[in-house]
Structures are given as C-alpha cells and as structure tokens.
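*Asks:* Sharing a structure below in structure tokens format, with a few things to ask.
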Amino acid sequence: MEKIINKFNIKLINNLELPPDRILGIGKITIIADNTIEIENSYGVIEYMKERIKIDMKTSIITIFGSDLAINNIDDDTISIKGRIEKIFLKEEL
Amino acid sequence: MIIINIWHYLCGYVIIKISSTQIEQLINLFSINDIYVWGLERLSYTELRIRLSYKNIFHIKKLINKTASTMYIEKKIGLPFILKIIKFKKSLAFVFIILFSMIYYTTTKIWMIEITGLVKLSKVDIVKTLAKIGLTEGISKSKLDERYIEKRLLVEEDKLSYAGIHIRGSKLIIQCKERALEPEIFEPIACDIIADKSGIIYDMDVLNGYPNVAVNDTVFKGQILVTGKYVKEGQEDKYVHSIADIKARTWYEKKIKINLKQNILEKTGKHKVWYKVYFMNKNLFYEAKKPFEKFKKTTHKKFPIYFGDFIFPFKIVREDYFELKENIKTLSIDEVKEQCSEKLNMQIEDELNKNGIILSRNIVYKMAEDAIEATINVETIEDIGVKVVAQEE
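Which chain is which? The protein sequence lines are H and P, in order. Okay, so the first sequence: first residue is 1108 according to this note's numbering, each after it adds one. Okay, so the second sequence: first residue is 2 according to this note's numbering, each after it adds one.
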C-alpha cells in the first residue's frame, strides 16, 4: 500500500513540476569536480574510512570510493565530503 | 568559507580527539542531535578528530558517555580563549588599557601641520605666525577653533588672501592662497604717467593721454610724462586714462670694495650624524653639546608610525653636522675681480625694470692697499613709465 502511495506521489509531483527532494525528502547529491560531494537528506553515515564512505539514503546506500576521504562538515541533513573521489555506487540494496 | 571560519574564530571552537569503537554511530548521533561538527579526520580505526563549537562541548560529553568512548581536547582556538587569558593576567590587561588610552589620547591632538599653496611666502614664517596665534604641534583638537584661526591668520599675514583649515586624522592641513599683486589701474580711472627713473627719452608710443615730453628730452624721477588732463580754453577740464609705452636711456653707477684677504668657511670633511627621538614633541634622550664649534646642520624628520592620516606622535629626527673651519685666504686678483663683477651685476639686475636691455657695461678696477675697488657703469634702455591716479582739481 505504501509503495502505491509513493508511486502516486512521485507521479503527482512530476506532473506538477515540483522539486521532489524538498517535498518527499529524496536524497540530493551534488558533485563538484572530483574532490567534493554534498549529500542532502541523508539518513546517516554507515561506514567512514579514508578509502570508502557509505551513506544511508533511505531507499539505497551510496558508496564513495577514493583516497584521503574526509567528512568536511555534518549537520542534521547535509553531509559534505572532501578528498580524491574515484568511484560512486549509487544503488546498493539494503 | 572565510566568513564562516572568521565566525567560528570569533565564537571560539575546540579540536577534539575521540577514541571509540563506534565512530559512525557517534557521527550519526551528532547529526541527529543537531550538533554541527566540521573538519572530521579519521586518524585510525578507533580514533577521530573533530572540530566543534565551544558551546556544544557539554552536549557532546553526554553522547560520548552514551557510546562508552573517550575524548581529549587537543586545542582551544578563538577569541573567547584569548580574552580568558587576558582576564587571568591582570597586569597584561592593565598594559592593554594603558596602551589603548594612550592611543586614544594621541588621536585627540594635532601632531603635524601641513601648509600647502605657498609660492613666495615661506612655510617657516607661516608656522611662526601660527605659533603667535596659539596653534602649535601638540594642541588639542577640542580647543581648536578653525574659523578663528583662519581669520587671525589672514589678519596677521597681509600677503595671504585665503586660508582654509581642515583636520584629517592627527594632521592639520592649511590651504593658503597668496594675494595677487595689486592690479593695474584700468579704465575708466583718470591717470597720469610719471617717470620712475631719470633718463633721456628714447622712444614714445602714446595711445591715450597728452604727452608733456618729447623724444630726446631729459626727464627726472617723478616728472609727469603723459598727462590725463585735457585743458582747452572755454571748455571744462577733461580727464582721460593715459596709456603709453615710454622707453628711456638710463645710466647706473655702482661701487664695491672687496678685500684680497678673506675669511672663508670650508668643510673639514668631518661629519657626524645624530638621531633624536621625540615622543609628543618631547626629546626622549639627553641632549648633548654640539659636536663642533662651527658647523653646518641639515635636519630630516620622519614619523615612522602612521595609519593613513593618523600619525602616531613618535618622531625621529636625523641631524647631519658638517664641521666648518675658518681659513684666512689671500685670493688672487683675478678671483676678487670676478667676485666684484658678480656682485655688481647682481645689484644692477635687481634695479633694472622689466624688459630692460643693457646697451653697454664698463667695469673699472682699482687697487687699494689689500683690496680691489670696482666701479660699474651701465647704460640701458628700459620702460620708465608708471601709472598714477590723476589728482582732479
């Protein structure tokens, strides 16, 4: 039932051209060059290593691979990551 | 980013090293509890370094205890911590207070007087006049009445037509404008033209007025050459503005006597440099005797500490002393003749009117014991006409 409501919501928002990240709280990822990533609406850090950072995005887990990775700042819904980014896996099933 | 960093610095922040087996959980707890942390560094598997606001340190302690972790404050950075140090060190605070009050005190005074716009008048004379009025370096700004000083300066210095005073920082700027030469007598004022020197009229161009003399006439100083008064029988006297260009032959004779033996001050080559340090116009060090009996002195002053127009009253004066020695020398006849000629020519040039042409110059030298007597005779052609307001009867 919940999946159906979600699908309906997404369809409605797409038709009305509203920003889904604001209304549904869907994750938003911004990549700047190969050294900065900003993630909004995250649900926490799962793993934090210099070579790999895993972040919970409610529906999936984002895995960032690289070297000298570090969390630049963190507050209630935004995480900013800096370092040499090599790979990003957007969908890793929970 | 710089603004955020400045803000963090002003509010104060701490660098903390956390040892825990649940690093990720701790990070999530910060996020959930709305604790802003930045600059997270994973040092090892169990160690993490974070930066956070000084105010949040008490909140974080609870979370640390919850996760059975340990924390250690590595560094405290920011303005609140500096102020804390000052609070504990009373003597330091005292020094700061004295320093600030001194800086404030120095800003309330004038430490430099700058005079601009002078052409013929010397700055030294103006400074002396200002001192007479009561304006000197070190005067308080609150006691300064700018309009009064402007008025007094114009009264004391006749040659000034304008004086404007502006204060910029601890600098007082006086803008001066010298009075222009007295204007010529223009029409329609009735005037005569008189001779300002004796001579023989060489050439006359009378544009307006009635000539009293003709070419080749001998005229004396003060004689009316061209009159503005028109007299005709049966008619009333009329007065006009005389305009004429009158050239005359004039002669000058000057005498001078210069000794062959002369006292000449010469530099011996000895040179000493003194530095004087002034604070608020007071010499900080003992003033010693002058290094030489006879000397030539040059001074350069400098204000090394200044912020824009605010000058800190700390002045360094460099004085260069060059020793001089009096030597009685017997000059050769040619050298003395040259001196005579130079001085006589200078005297003639001072007296000669504008546009004057020297026709002939003759110098006669005479030996008189240990001296040379020189006489110069000069024949010139120059303008001798000067306008004067006609006295109406």
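Backbone N, C-alpha and C define an ideal beta-carbon position, used for all residues, glycine too.
(1) According to DSSP, simplified to helix, strand and coil, what is H/F1196?
(2) Look at the Cβ atom of P/K255, then the Cβ atom of P/L345, and state whether they are nearer than 8 Å.
(3) Within 8 Å (strictly less), CB to CB, does H/R1191 reach chain P?
(4) Locate the beta strand (DSSP E) running through P/A369, then write down its first and last residues.
(5) Name the two residues that bound the continuous alpha helix (DSSP H) containing P/H60.
(6) Does any CB atom of chain P fall closer than 8 Å to the CB of H/I1171?
(7) Going by the DSSP bridge assignment, what does P/W39 pair with across the sheet?
(8) Hey, how far is the Cα of P/E158 from the Cα of P/L119?
(9) Can you round the beta-carbon distance between P/K110 and P/S171 to whole angstroms, since I take them to be within the 8 Å contact cut?
(10) List the residues of chain H whose Cβ lies closer than 9 Å to the Cβ of P/V274, in chain order.
(11) When the cut-off is 8 Å and only beta carbons count, does H/L1201 lie next to chain P?
(12) Counting C-beta neighbours from all protein chains within 10 Å, is the total for P/E370 16 or more, i.e. buried, or is it exposed?
(13) Indicate the three-state DSSP secondary structure (helix, strand or coil) for P/M281 in the structure shown.
(14) Would you say P/T117 and P/C177 are within 8 Å of each other, going by their C-beta atoms?
(15) Could you list which residues in chain H have their beta carbon closer than 8 Å to that of P/Y37, in chain order?
(16) Quick one, which of P/E350, P/K273 and P/W39 has its alpha-carbon nearest P/F293's?
(17) Measure how close the beta-carbons of P/A372 and P/K258 come, nearest whole angstrom, since I'm counting them as under 8 Å.
(18) Go through its chain and collect everything with a Cβ distance to H/V1152's Cβ below 8 Å, but skip five positions before and after it.
(19) Compute the minimum distance between the beta carbon of H/K1161 and the heavy atoms of the ligand SAH, and state whether it is under 7 Å.
(20) Would you kindly report the start and end of the unbroken alpha helix (DSSP H) that includes P/A94?
(21) Rounded to whole angstroms, what's the CA-CA distance from P/K295 to P/M347? Just pull it up for me.
(22) Consult DSSP for P/S354 and reduce its assignment to one of helix, strand or coil.
(23) Residues of chain H with CB under 8 Å from P/E48, in chain order?
(24) Would you mind sorting P/C341 into buried or exposed? The rule is 16 or more other CB atoms within 10 Å of its CB.
(25) Relative to the C-alpha of P/I17, which candidate in P/D35, P/N57, P/I7 and P/I134 has its C-alpha closest?
(26) Can you name, in chain order, every residue of its own chain whose Cβ lies under 6 Å from the Cβ of H/E1193, other than the five neighbours on each side?
(27) Decide if P/P314 is buried, meaning its Cβ has at least 16 other Cβ atoms within 10 Å, or exposed.
(28) With a threshold of 8 Å between beta carbons, is P/E42 in contact with chain H?
(29) What residue does the alpha helix (DSSP H) around P/A132 start on, and which one ends it?
(30) Closest to P/I194 by CA distance: which of P/G229, P/H9, P/L154 and P/I99 is it?
(31) For the region 240 to 255 of chain P against the region 193 to 209 of chain P, are there 3 or more C-beta pairs whose distance is under 8 Å?
(32) Which residues in the same chain have their Cβ closer than 6 Å to the Cβ of P/N354, if we skip the five residues on either side of it in sequence?
(33) Do P/S20 and P/E48 come within 8 Å of each other at the CB atom, strictly closer than that value?
(34) Where does P/R319 land, buried or exposed, given buried means 16+ other C-beta within 10 angstroms?
(35) Output yes if chain H places a C-beta closer than 8 Å to the C-beta of P/E75; else output no.
(36) If the cut is a Cβ gap below 7 Å, which residues of chain P does H/G1151 touch?
*Replies:* Let me lay it out:
(1) Counted from its first residue, the first sequence places residue 1196 of chain H at position 89. Strand, per DSSP.
(2) Residue 255 of chain P sits at position 254 when you count from the first residue of the second sequence. Residue 345 of chain P sits at position 344 when you count from the first residue of the second sequence. A contact, by the Cβ cut-off of 8 Å.
(3) Within the first sequence, numbered from 1, the residue matching residue 1191 of chain H stands at position 84. Not a single CB atom of chain P sits nearer than 8 Å to the CB of H/R1191.
(4) One-based indexing of the second sequence puts residue 369 of chain P at position 368. Counting along the chain, the beta strand (DSSP E) containing P/A369 begins and ends at I358 to A369.
(5) Translated into the one-based positions of the second sequence, residue 60 of chain P becomes position 59. Here the alpha helix (DSSP H) through P/H60 covers I58 to K67.
(6) Here the question's residue 1171 of chain H lines up with position 64 in the first sequence. Chain P contact via Cβ: absent.
(7) Here residue 39 of chain P refers to the residue found at position 38 of the second sequence. The bridge partners DSSP lists for P/W39 are H/N1180 and P/R52.
(8) Here residue 158 of chain P refers to the residue found at position 157 of the second sequence. Here residue 119 of chain P refers to the residue found at position 118 of the second sequence. Roughly 12 Å separates the two Cα atoms.
(9) Numbered from its first residue, the second sequence carries residue 110 of chain P at position 109. Numbered from its first residue, the second sequence carries residue 171 of chain P at position 170. P/K110 to P/S171, Cβ: 6 Å. Contact.
(10) Looking up residue 274 of chain P in the second sequence gives position 273. Here the premise fails: no neighbours, minimum Cβ distance about 59 Å.
(11) Taking the first residue of the first sequence as 1, we reach residue 1201 of chain H at position 94. Any reading at H/L1201 needs caution, since the residue's pLDDT is 46, under 50, leaving its predicted position unreliable; the model's value is listed next. Output row for H/L1201: interface = no.
(12) Here the question's residue 370 of chain P lines up with position 369 in the second sequence. For P/E370, the number of other beta carbons within 10 angstroms of its own is below 16, and it is reported as exposed.
(13) In the second sequence, counting from the first residue as 1, residue 281 of chain P sits at position 280. Secondary structure at P/M281: coil, using DSSP grouped into helix, strand and coil.
(14) One-based indexing of the second sequence puts residue 117 of chain P at position 116. One-based indexing of the second sequence puts residue 177 of chain P at position 176. Yes. Within cutoff.
(15) Position 36 of the second sequence, counted from the first residue, corresponds to residue 37 of chain P. Under the 8 Å cutoff, chain H gives N1180, I1181 and D1182.
(16) One-based indexing of the second sequence puts residue 293 of chain P at position 292. If we check each option's Cα against that of P/F293, P/K273 comes out closest.
(17) One-based indexing of the second sequence puts residue 372 of chain P at position 371. One-based indexing of the second sequence puts residue 258 of chain P at position 257. The pair is a contact, with the Cβ atoms about 5 Å apart (cut-off 8 Å).
(18) For the purposes of this step, residue 1152 of chain H is taken as residue 45 along the first sequence, with counting starting at 1. Only I1160, K1161, I1162, D1163, I1178, I1181 and I1186 meet the Cβ criterion.
(19) The ligand SAH is not among the ligands present in this structure, which contains no ligands whatsoever.
(20) Here residue 94 of chain P is taken as the residue at index 93 of the second sequence, counted from 1. Segment K91 to T108, the alpha helix (DSSP H) holding P/A94.
(21) The residue labelled residue 295 of chain P in the question sits at position 294 within the second sequence. The residue labelled residue 347 of chain P in the question sits at position 346 within the second sequence. A straight-line Cα-Cα distance of about 29 Å links P/K295 and P/M347.
(22) Counting from one through the second sequence, the residue named residue 354 of chain P turns up at place 353. Here residue 354 of chain P is Asn; the residue named in the question, Ser, does not match the sequence. Three-state DSSP puts P/N354 in coil, outside helix and strand.
(23) In the second sequence, residue 48 of chain P corresponds to position 47, counting from 1. Within chain H, no C-beta atom comes nearer than 8 Å to that of P/E48; the closest sits roughly 12 Å away.
(24) If you number the second sequence from 1, residue 341 of chain P lands on position 340. That one is buried.
(25) Taking the first residue of the second sequence as position 1, residue 17 of chain P is located at position 16. Residue P/N57 is the option with its Cα nearest to P/I17.
(26) Here residue 1193 of chain H refers to the residue found at position 86 of the first sequence. The answer, listed in chain order, is F1172 and G1173.
(27) As a position in the second sequence, residue 314 of chain P is number 313, starting the count at 1. Burial call: buried.
(28) Residue mapping note: residue 42 of chain P aligns to position 41 of the second sequence, counting from 1. P/E42 belongs to the set of residues whose beta carbon lies under 8 Å from a beta carbon in chain H.
(29) Taking the second sequence and counting its residues from 1, the one referred to as residue 132 of chain P is at position 131. In the DSSP assignment, P/A132 falls within the alpha helix (DSSP H) that extends over K124 to I134.
(30) The residue labelled residue 194 of chain P in the question sits at position 193 within the second sequence. The option with the nearest alpha carbon to P/I194 is P/G229.
(31) A contact exists between the region 240 to 255 of chain P and the region 193 to 209 of chain P.
(32) Residue 354 of chain P sits at position 353 when you count from the first residue of the second sequence. Answer for P/N354: E383 and D384, listed in chain order.
(33) Along the second sequence, one-based indexing puts residue 48 of chain P at 47. Along the second sequence, one-based indexing puts residue 20 of chain P at 19. The answer is yes: Cβ separation under 8 Å.
(34) Within the second sequence, residue 319 of chain P is the residue found at index 318, counting from 1. Note on P/R319: under 16 other CB atoms within 10 angstroms of its CB, so exposed under the neighbour-count rule.
(35) Position 74 of the second sequence, counted from the start, is the residue given in the question as residue 75 of chain P. It does not; no Cβ of chain H falls within 8 Å.
(36) Taking the first residue of the first sequence as 1, we reach residue 1151 of chain H at position 44. Taking a Cβ-Cβ threshold of 7 Å, the residues of chain P close to H/G1151 are N29 and S32, in chain order.
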